[in-house]
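A.B. asks: Take a look at this one; I'll ask things after.
Protein chains: 6
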Amino acid sequence: MPTLRIEMWSGRTMDQKRRLVRLVTDAVVEALGVPAQDVQIKIFEGEKENAARGGVLRSDEAQGS
Amino acid sequence: MPTLRIEMWSGRTMDQKRRLVRLVTDAVVEALGVPAQDVQIKIFEGEKENAARGGVLRSDEAQGS
Amino acid sequence: MPTLRIEMWSGRTMDQKRRLVRLVTDAVVEALGVPAQDVQIKIFEGEKENAARGGVLRSDEAQGS
Amino acid sequence: MPTLRIEMWSGRTMDQKRRLVRLVTDAVVEALGVPAQDVQIKIFEGEKENAARGGVLRSDEAQGS
Amino acid sequence: MPTLRIEMWSGRTMDQKRRLVRLVTDAVVEALGVPAQDVQIKIFEGEKENAARGGVLRSDEAQGS
Amino acid sequence: MPTLRIEMWSGRTMDQKRRLVRLVTDAVVEALGVPAQDVQIKIFEGEKENAARGGVLRSDEAQGS
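Chains as they are written, first to last, in this note's numbering: chain A, 171 to 235; chain B, 171 to 235; chain C, 171 to 235; chain D, 171 to 235; chain E, 171 to 235; chain F, 171 to 235.
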């Protein structure tokens, strides 16, 4: 602990993931004062056809964020 | 918020997913009185070899629900 | 399965929860053609001080959804 | 209930999964005194490139556990 | 890893939790051949008014499991 | 999306939470190039009596991280 679960759209490169876990870990260390080694992160990649907002699949939206 | 996470067996069609998020969103709106746009849904598809009941994998059951 | 996890702000009444699980279950049954008895729901109630959007706690927003 | 969600590295055989759900279910039954049929388990398999400790991806570690 | 998330009804004693994490950890070690120290467990306690089956809150059932 | 779920021990102040969601959101924006407004965070606070490592409750450890 702390443990972070990051859900994001699939398609990021390994370098983006590397940078993500590095920067987010630094942020948690700075905010909470815990050792970096205690910060665990898991990344979960999702598809836009498996997410919805307002009753509409994100893959069916004209343009999604 | 509200956010719904729906776990179901894999293998549904896009049309079933479309219908699912539409009907479930309508149900949440009617029950809680929130705007549809606030209702977020994520779908997670699982395999029967990764689920168990009574200590037995669902893929090993004679017939599962 | 299907299993639904509903995350919403705390403070709903028992009657709202009753109505929510009834309507959402009906929606899943209609969309996926599964028996109602197979639909499991878990409700998780959260506080606005434990959620953020755009780097700001929801409890600090002028008015949140 | 009880429901268990087991997150582990991908790559286990079906026989390991079979053994895992059997032994874990037995453990829960013995500890809590619930019927085995009430114990539900879901397995989630993850990749080391989607996990980090100390700001470093597990796939980048020299040797991980 | 492996990480286990155990969802169960609230009301268990500390001794039951102690026994639960001990027995479940032993089961995972035996099934997967990992060191006990790698097995992490988190317990989540829920109320029957926040769970439903077949569209009915578990707290409204005549007798629940 | 991205959505982050942060699990940490209970007992942090509102100011620590404020700082946490601000710094973590900034980190995600910098790493992934998404608008800050798309970054959602949920915080889940846990007790050491509901977590275990190596089959021992964290509340029973001599000194935990």
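All C-beta atoms in this analysis are idealised placements derived from N, C-alpha and C, irrespective of residue type, glycine included.
1. Based on Cα-Cα distance, which residue from C:V198, C:R182 and C:M178 lies nearest to R182 of chain B?
2. Could you tell me whether any Cβ in chain D is nearer than 8 Å to the Cβ of A221 of chain B?
3. Within the 8 Å Cβ cut-off, does L190 of chain C reach chain F?
4. Just to make sure I have the definition right: I need the residues of chain F whose C-beta is within less than 8 Å of the C-beta of Q186 of chain E. Which are they?
5. Just to confirm, are G224 of chain B and V209 of chain D a CB contact at a threshold of 8 Å?
6. Can you list the residues of chain F that E200 of chain A reaches, using a CB-CB cut of under 7 Å?
7. On the premise that A222 of chain F lies in contact with T195 of chain E, defined as a C-beta separation below 8 Å, what is that separation, rounded to the nearest angstrom?
8. Is the beta carbon of K212 of chain F sitting closer than 8 Å to the one on E219 of chain C?
9. A201 of chain D: buried (16+ other C-beta within 10 angstroms of its C-beta) or exposed?
10. Put T183 of chain C into one of helix, strand or coil per three-state DSSP.
11. Taking the straight line between their C-alpha atoms, what separation do you get for R189 of chain F and M171 of chain F?
12. Does the Cβ of M184 of chain E have 16 or more other Cβ atoms within 10 Å, making it buried, or fewer, making it exposed?
13. Please classify S180 of chain A: is it buried, with 16 or more other beta-carbons within 10 angstroms of its beta-carbon, or exposed?
14. Would a C-beta distance cut-off of 8 Å place V191 of chain D and L193 of chain B closer than the cut-off?
15. Going along the segment 201-216 of chain B in order, which residues come within less than 9 Å of chain A, judged by CB to CB distance?
16. How about L174 of chain E: is its C-beta nearer than 8 Å to some C-beta of chain C?
17. Give the residues of chain A in contact with D196 of chain B, contact being defined as C-beta atoms less than 9 Å apart.
18. So, for A206 of chain D: in the same chain, excluding its five sequence neighbours on each side, which residues have a beta-carbon less than 7 Å away from its beta-carbon?
19. Where does the unbroken beta strand (DSSP E) through A222 of chain B begin, and where does it stop?
20. Report the rounded CA-to-CA distance for S229 of chain C versus E231 of chain A, giving the unit in angstroms.
C.D. replies: Answer, in terms of the structure:
1. As a first step, residue 182 of chain B is located in the second sequence; it is residue number 12 there, counting from the start. Between R182 of chain B and the set C:V198, C:R182 and C:M178, the nearest pair of CA atoms involves C:V198.
2. On the second sequence, residue 221 of chain B is found 51 positions in, with the first residue counted as 1. So, interface residue.
3. Residue 190 of chain C sits at position 20 when you count from the first residue of the third sequence. With 8 Å as the cut-off, L190 of chain C does not count as an interface residue toward chain F.
4. Residue numbering aside, residue 186 of chain E sits at position 16 when the fifth sequence is read from its first letter. What Q186 of chain E touches in chain F, judged by beta-carbon distance under 8 Å, is nothing: the nearest beta carbon there is about 11 Å away.
5. By one-based count along the second sequence, residue 224 of chain B stands at place 54. By one-based count along the fourth sequence, residue 209 of chain D stands at place 39. The answer is yes: Cβ separation under 8 Å.
6. The residue you call residue 200 of chain A lines up with position 30 of the first sequence. Think of a sphere of 7 Å around the beta carbon of E200 of chain A: the chain F residues whose beta carbon falls inside it are L193, in chain order.
7. What you label residue 195 of chain E is simply residue 25 of the fifth sequence in a count that begins at 1. What you label residue 222 of chain F is simply residue 52 of the sixth sequence in a count that begins at 1. With a Cβ gap of about 7 Å, T195 of chain E and A222 of chain F count as contacting.
8. Counting from 1 along the sixth sequence, the entry for residue 212 of chain F is found at position 42. Counting from 1 along the third sequence, the entry for residue 219 of chain C is found at position 49. Not in contact: K212 of chain F and E219 of chain C (Cβ atoms no closer than 8 Å).
9. Taking the first residue of the fourth sequence as position 1, residue 201 of chain D is located at position 31. By the 10 Å Cβ count, A201 of chain D comes out buried.
10. For this step, residue 183 of chain C is matched to residue 13 along the third sequence. If DSSP states are grouped into helix, strand and coil, T183 of chain C belongs with coil.
11. As a working mapping, residue 189 of chain F is identified with position 19 in the sixth sequence. As a working mapping, residue 171 of chain F is identified with position 1 in the sixth sequence. Those two C-alpha atoms are separated by around 20 Å.
12. Counting from 1 along the fifth sequence, the entry for residue 184 of chain E is found at position 14. Within 10 angstroms of the beta-carbon of M184 of chain E lie fewer than 16 other beta-carbons, which makes it exposed.
13. Sequence index remark: in the first sequence, residue 180 of chain A carries index 10 (1-based). Looking at its Cβ environment, which holds fewer than 16 other Cβ atoms inside 10 Å, S180 of chain A is exposed.
14. Looking up residue 191 of chain D in the fourth sequence gives position 21. Looking up residue 193 of chain B in the second sequence gives position 23. No, they are not a contact pair.
15. Cβ contacts with chain A: P205, A206, Q207, D208, V209, Q210, I211, K212, I213, F214 and E215.
16. Taking the first residue of the fifth sequence as 1, we reach residue 174 of chain E at position 4. Residue-level contact by beta carbon fails for L174 of chain E and chain C, as no gap is shorter than 8 Å.
17. The residue labelled residue 196 of chain B in the question sits at position 26 within the second sequence. For a Cβ distance threshold of 9 Å, residue set G225 of chain A lies close to D196 of chain B, ordered along the chain.
18. Here residue 206 of chain D refers to the residue found at position 36 of the fourth sequence. Excluding sequence neighbours, A206 of chain D sits near T195 and V199.
19. Here residue 222 of chain B is taken as the residue at index 52 of the second sequence, counted from 1. Per DSSP, the continuous beta strand (DSSP E) segment holding A222 of chain B begins and ends at A221 to R223.
20. Taking the third sequence and counting its residues from 1, the one referred to as residue 229 of chain C is at position 59. Taking the first sequence and counting its residues from 1, the one referred to as residue 231 of chain A is at position 61. For S229 of chain C and E231 of chain A, the distance between alpha carbons rounds to 29 Å.
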